[in-house]
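2 protein chains.
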Amino acid sequence: MPEFLHLLPPEEALQTWLQAVRHRMAAETVPAAEAWGRVLAEDVLAPHPMPPFDRSAVDGYAVRAADTYGASDALPAYLAVVGEVPMGAAPDFGLQPGQAALIHTGGMLPPGADAVVMVEYTQQARPGEVEILKAVAVGDNVIAEGEDVAAGAVVFPAGRRLRAAEIGGLMALGVLQVAVARRPMVGIIATGDEVVPPEAAPAPGQVRDINTYTLSAEVRRAGGVPRPYGIVPDRPDALAAAAAQALQECDLVAVTAGSSASTRDMTAEVLDGLGEPGVLVHGVNTKPGRPTILAVAAGKPVIGLPGNPVSALVNVGLFVLPALAHLQRETPRPRPLLPVRLTVNLPSASGREDWWPVHLRRAADGVWEAEPIFYKSNLIFALARADGLLKIPADATGLAAGETGEVLVLSL
Amino acid sequence: MPEFLHLLPPEEALQTWLQAVRHRMAAETVPAAEAWGRVLAEDVLAPHPMPPFDRSAVDGYAVRAADTYGASDALPAYLAVVGEVPMGAAPDFGLQPGQAALIHTGGMLPPGADAVVMVEYTQQARPGEVEILKAVAVGDNVIAEGEDVAAGAVVFPAGRRLRAAEIGGLMALGVLQVAVARRPMVGIIATGDEVVPPEAAPAPGQVRDINTYTLSAEVRRAGGVPRPYGIVPDRPDALAAAAAQALQECDLVAVTAGSSASTRDMTAEVLDGLGEPGVLVHGVNTKPGRPTILAVAAGKPVIGLPGNPVSALVNVGLFVLPALAHLQRETPRPRPLLPVRLTVNLPSASGREDWWPVHLRRAADGVWEAEPIFYKSNLIFALARADGLLKIPADATGLAAGETGEVLVLSL
């Protein structure tokens, strides 16, 4: 199973892969206060309207709008102040024509009131009276019951990933428990006879395992649970046993292959033997990351990542993170790339999508400039120095200095 | 202590505040594999060079470059193959003039070799011989010892926040423990006589506590530890007692004020009484978020946030997150806003910096368009629906349809 002669573009490779993935995460119920970053498994419906009562949006005077008709600085309306709306309680009075009540932001409108005059447009008159210096229309400075959310409405649909604002919305409605997709467990298998654990002192020719740790960090960031299976020798039987176990115990299996072509081909053979349909994509037209292998077995996504740490990490972003979203049935929000101006010429093979590590800095005209980090070794430090990854589209043969490109910003 | 007449721009307010903060997080040592999102408290030095030996960047043949001089398709050089470099071990042979060795990506160059010819530019000749079809220069396709990182060099400076790539770099060097800033503890106090816990059924006029939960989520996301102090009644003595306790136990104290002007003024009085220098900023020229109070006591940052959930959350981004970075001595990476095209006219008061919730969508020409979400109530749902916050700079009186603006993208 050598690499395919026809390398797929990354987006097409991703779609081919995910279409064959039948596995999905089951739902579990968790406290809403701890659900940050989780994906809703069911629609959340509003148990009551928001706001649950007509409330004032400002500090001022609750009035009957008709009483303010024609009021101005020159010709104020005079209203009798019959009370002050308490915070946190319903007013125990209503407004009759010609009456007003002091009200604070968030206060409940008394019966009879239909608008609020901002305090800036009022003036103290005689005791028990207020001057209204500006007319208001019905509903002015009032947030009507249900204006934000009607009772029974879908507040957040299934598939929504919860940020701080969504958690606030759940709390506002008293929704304390939510059904979310379980966290996907990601089996991580490192291979390579030259690879030793980070705690080992590498002998000449050996390198420490990096990919298990970068993958684990990215999986955690995406809301998954990494499950490392250690470093497996470059033998088909050893890799097949580890991969089969991981496939049974996890929701997605990632194998970081050895760096040579022969071990990559061995990895592809083993992943293809895990079950039907097996390897769907062997080789993606991108740099770094060409030798990526995408397979499906037992309905679950299986990926063979290049052993090179930069390639592996870039392809985690291109394939593993979208697959984790897919497993959780997430409806992703827009994740725009940053438009940038390139500082130097950057060549690229036509037909191939490149991702270049870059520094970002803001130019005097406000445009963000991307300065490529040139590297030969493909070691992890080129990426650790980068603020982002510049995308060179497949239909370009590189980008020239001064041209516009797009950067995936690598912030936390 | 009413709001200042002269409202500070947010950036100036932030600088005024942070300059008075003397408190910093102490360092603690944690396993590097679990240090994602933490800020380095000390420089990390390379214990050995990376790579630790001259290694091949490709699959091919290790050679002495001089032996390939003039080689081409038409006139290949013929070299004797004296061995294959094993993966994960030093070769037990060297190259004499006229000799080559099979080598895999990542393999260690044998003594005498100074370049590698890619396998694509070689051809099998007679047994024990290889044809070299392209000349190479010294160092071609070789990553020299220390080329990525010299021994003793600063790999990552103090103040760097660790992403997956940095954790990979630490593992590559066998740095298993790192000194990082302790996680800042953030005391969160909700006030407001109208505010009840989310599990309560609000009586008419009452609202559920939202801010404790949105703040907690944002603090956790920034690597801090939220410590809620519950809902404190709108009485100066109660608030003063809670704030003094939080100041003693935490690294930053955030109070979400009640929504009326009178309780905001009470909050400012109490925060000013916590210690010198007290309140430094009372009122910021931004919308939402004008009533924000910035104080310092016992060298620690203290913030009074507007009670309105959208205002509070926007101001967490403008003030609390930068303060947490400051406490950890973080050197922040660039966090660019997204350039967007506005779809409708959006007015704004001159001199005031506005942040508007927007939807993002990509137009046919590839530009991201921002569609403002109009809202009156300022309730949390306007923000929960948003893909980002559009910044309207203080020197603009709004933005017109088709004009370019910048958006803070609210993704996870």
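Line by line, the protein sequences give chains A and F.
Residue 1 is where the first sequence starts when you use our numbering, and the numbers rise one by one after that.
Residue 1001 is where the second sequence starts when you use our numbering, and the numbers rise one by one after that.
For each residue, glycine too, the CB sits at the ideal point set by N, CA and C.
With a cutoff of 8 Å on beta-carbon distance, F:L1360 and F:G1405 are scored as not near each other.
Taken through DSSP and simplified to helix, strand or coil, F:I1373 comes out as coil. Close CB contacts of F:R1182 within its chain, under the 6 Å cut and outside five residues either way in sequence, are with M1025, A1026 and E1028 (chain order).
Membership of A:V296 in any alpha helix (DSSP H) is not indicated; the residue belongs instead to the beta strand (DSSP E) covering I293 to A297. Proximity of chain F to A:Q245 at the Cβ level (cut-off 7 Å) is not reached, the minimal Cβ distance being about 22 Å.
The DSSP-derived three-state label of F:R1221 is helix.
In the structure shown, the three-state DSSP call for F:I1210 is coil. Here DSSP, grouped into helix, strand and coil, assigns F:W1017 to helix. Chain A has a Cβ within less than 8 Å of the Cβ of F:T1214. Secondary structure note for F:F1156: its beta strand (DSSP E) is the uninterrupted segment V1154 to F1156. According to the DSSP assignment, A:E353 belongs to the beta strand (DSSP E) that extends over E353 to R362. From the listed residues A:Q177, A:A13, A:W368 and A:G273, the smallest Cα separation to A:V30 is found for A:Q177. Listed in chain order, the non-local C-beta contacts of A:R38 below 6 Å within the same chain comprise L162 and V180, local neighbours out to five positions each way being set aside.
Counting only residues of its own chain and dropping the five nearest sequence neighbours on each side, F:Q1124 has a CB closer than 8 Å to the CB of V1130 and E1131.
Here the C-alpha atom of A:Y121 lies approximately 14 Å from the C-alpha atom of A:A137.
If one requires a minimum length of 4 residues, the alpha helix (DSSP H) runs lying completely within the stretch 129-177 of chain A are 164-172, in chain order. Residue contact with chain A for F:E1218: present (Cβ-Cβ distance below 8 Å to some residue of chain A). Beta-bridge partners assigned by DSSP to A:I103: A:G60. Around F:R1208, the beta-carbon contacts reaching into chain A at under 7 Å are M171, A172 and G174. If the five residues before and after A:H326 are omitted, its C-beta is found closer than 6 Å to the C-beta atoms of L18, all from its own chain and listed in chain order.
Residue pairing for A:Y78: DSSP places it in a beta bridge opposite A:E131. DSSP places F:Y1069 outside both helix and strand once states are collapsed to three, so it counts as coil.
Look at the beta carbons and you see the stretch 279-296 of chain A not touching the stretch 185-200 of chain A: under three pairs across the two are nearer than 8 Å. With 16 or more other Cβ atoms inside 10 Å of its own Cβ, A:L79 counts as buried. By the Cβ criterion, the stretch 233-244 of chain A is not in contact with the stretch 1202-1209 of chain F, since fewer than three pairs of Cβ atoms, one from each stretch, lie closer than 8 Å. Here A:P332 has A325 as same chain residues with Cβ atoms under 6 Å from its own Cβ, once five neighbours each way along the sequence are excluded. When the beta-carbon positions are compared, A:A382 and A:V310 come within less than 8 Å of each other.
Taking C-beta atoms under 8 Å as the contact rule, A:G152 and A:L247 fail to qualify, at a distance of about 42 Å.
Interface criterion not met: the Cβ of F:L1239 is under 8 Å from no Cβ in chain A. For F:E1199, the C-beta contacts it makes with chain A under 9 Å involve G174 and L176, in order along the chain. Annotation: A:V219 to F:A1035 spans about 14 Å, alpha carbon to alpha carbon.
Residues of chain F whose Cβ lies closer than 7 Å to the Cβ of A:R227 do not exist, since the nearest Cβ in that chain is about 14 Å away.
Residue nearest to A:V409 within the set A:A400, A:A384, A:V116 and A:G402 is A:A384 (criterion: CA-CA distance).
Between F:A1158 and F:A1033, the C-beta spacing is not below 8 Å. Below 8 Å, too few C-beta pairs join the stretch 63-79 of chain A and the stretch 192-203 of chain A to call them touching: fewer than three.
Judged by DSSP secondary structure, F:E1406 falls within the beta strand (DSSP E) whose first and last residues are T1404 to V1409.
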